[in-house]
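K.L.:
Residues in the sequence shown are numbered from 0 upward in steps of one, following numbering that gives the first Met the number 0.
Cβ atoms here follow ideal geometry from the backbone N, Cα and C, with glycine treated the same way.
Next up is a structure, given as structure tokens.
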Amino acid sequence: MRKELSVIFPSYQLFSEYPNNKDNNFLTFHDAPNNQWIQINKDEVSSRDYALLSSFYTVVDLTFPTNYSLSEKWIRFLHGSGELPIEAGTELRIIQLVIKNSDFLNEDLTKAVQLFFEDAVQLVFISNDNALLIEQKSTYVQSTEDLASFIFALESDFFIKADLFVGKFNTVNEQTPSRYTLEREWFSNGIVNYYPGRIYTLENIFPTILIKEMSESLRQIIQQEVLIPIEFDTELLQTVQAFFENGFNASITSKKLHIHRNTLHYRLSKFQEITGISVRDFDGALIVYCASLLVNYE
């Protein structure tokens with residue numbers, strides 16, 4: 000891959016440490032698995048090239064002004080080339096933020112974070128459309144509802160779209176960069192595999208990762224036992240998926256699907272009658288849930 004890049008882009012440079020070249024004429028990418036940095040002159044990179052490179056590597060913005068020095072320290076540390084920017088042993092989690100609007104200003108995000116979280120999180124800029132919210136563990140932990148409200152506020156005030164990946168609390172140490180890299184991969188998997196949500200966690204994207212990695216023989220079993228008998232009825236599949244995701248609670252499921260409870264029970268009974276699989280217990284529901292995800296994925 001590196002050899003091909005050096006042929007395609009004459010200005011291609013590879014660094015084993017966080018580069019000091021902050022020339023605006025160069026684009027910088029981080030190769031996380033190898034912990035190396037790539038720089039290429041912007042004039043040599045088309046929009047298609049940029050999209051392809053950013054799908055393989057993390058885009059890094061080296062041109063932040065001096066008031067972003069703390070962000071730079073965190074970036075160096077998380078990319079494996081800097082010292083701890085915080086006291087060792089501190090327990091924290093990293094919340095990744097992707098903003099889908101190139102006109103959104105870093106100053107806007109800074110103000111929004113300060114107003115919403117006050118001192119509860121540390122904002123770290125990665126690039127113009129990527130940032131981190133670093134939250135130290137305290138007596139109050141930001142809930143999913145808090146983070147959903149934050150996204151809603153951003154989208155309402157600035158007319159953007161945003162996604163979050165909420166990492167796990169861990170003690171910060173030399174393993175933190177590798178943990179961060181792994182969580183970035185999970186986030187990418189969630190976005191690529193179209194998890195239907197705006198807040199991502201390992202728990203809610205794991206099923207889609209599982210489906211992606213599923214063997215062909217298992218896919219055929221699901222098709223033969225579930226999908227073919229119901230003739231790929233998406234309404235039935237969506238009903239069972241919602242029933243599973245809402246903890247087998249008929250009241251909540253019917254409310255979220257905007258159907259009567261009797262309609263819900265009718266669909267579940269119809270599904271069991273056709274397939275012989277009961278979706279009212281975990282084992283049966285799990286198979287059908289995988290079937291619904293398989294249809295969505297394909």
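If distances are taken between C-alpha atoms only, which option among Thr27, Asp107 and Lys255 comes closest to Phe157?
P.N.:
Asp107
K.L.:
Please report the distance separating the alpha-carbon of Phe164 from that of Asp280.
P.N.:
Phe164 and Asp280: Cα-Cα distance of roughly 30 Å.
K.L.:
Per the DSSP calculation, Ser5 is bridged to which residue(s)?
P.N.:
DSSP output for Ser5 lists no bridge partner at all.
K.L.:
Given this structure, state the Cα-to-Cα distance separating Pro18 from Asn129, to the nearest angstrom.
P.N.:
19 Å
K.L.:
Is Phe149 buried or exposed, if buried means 16 or more other CB atoms sit within 10 Å of its CB?
P.N.:
buried
K.L.:
What's the gap between the Cα of Thr170 and the Cα of Ser10?
P.N.:
40 Å
K.L.:
Can you tell me where the beta strand (DSSP E) holding Arg218 begins and where it ends?
P.N.:
Note, Arg218: premise wrong, no beta strand (DSSP E); alpha helix (DSSP H) at Glu215 to Ile221.
K.L.:
Taking one C-beta from the stretch 33-45 and one from the stretch 82-89 each time, how about it: are there three or more such pairs within less than 8 Å?
P.N.:
Not touching, per the Cβ criterion.
K.L.:
Would you mind reading off the limits of the beta strand (DSSP E) that contains His29?
P.N.:
Phe25 to Asp30
K.L.:
Can you have a look at Gly166 and say buried or exposed, based on whether 16 or more other CB atoms are within 10 angstroms of its CB?
P.N.:
buried
K.L.:
Tell me the rounded alpha-carbon separation between Glu90 and Ile251.
P.N.:
In this structure, the alpha-carbon of Glu90 lies about 35 Å from that of Ile251.
K.L.:
Does the contact criterion of 3 or more C-beta pairs under 8 Å hold for the stretch 260-270 versus the stretch 201-208?
P.N.:
no
K.L.:
What does a CB cutoff of less than 6 Å around Val59 pick up in its chain, not counting 5 residues either side in sequence?
P.N.:
Setting aside the 5 residues that flank it on each side, Val59 is surrounded in the same chain by Thr27 and His29, each with a C-beta closer than 6 Å to its C-beta; the list follows chain order.
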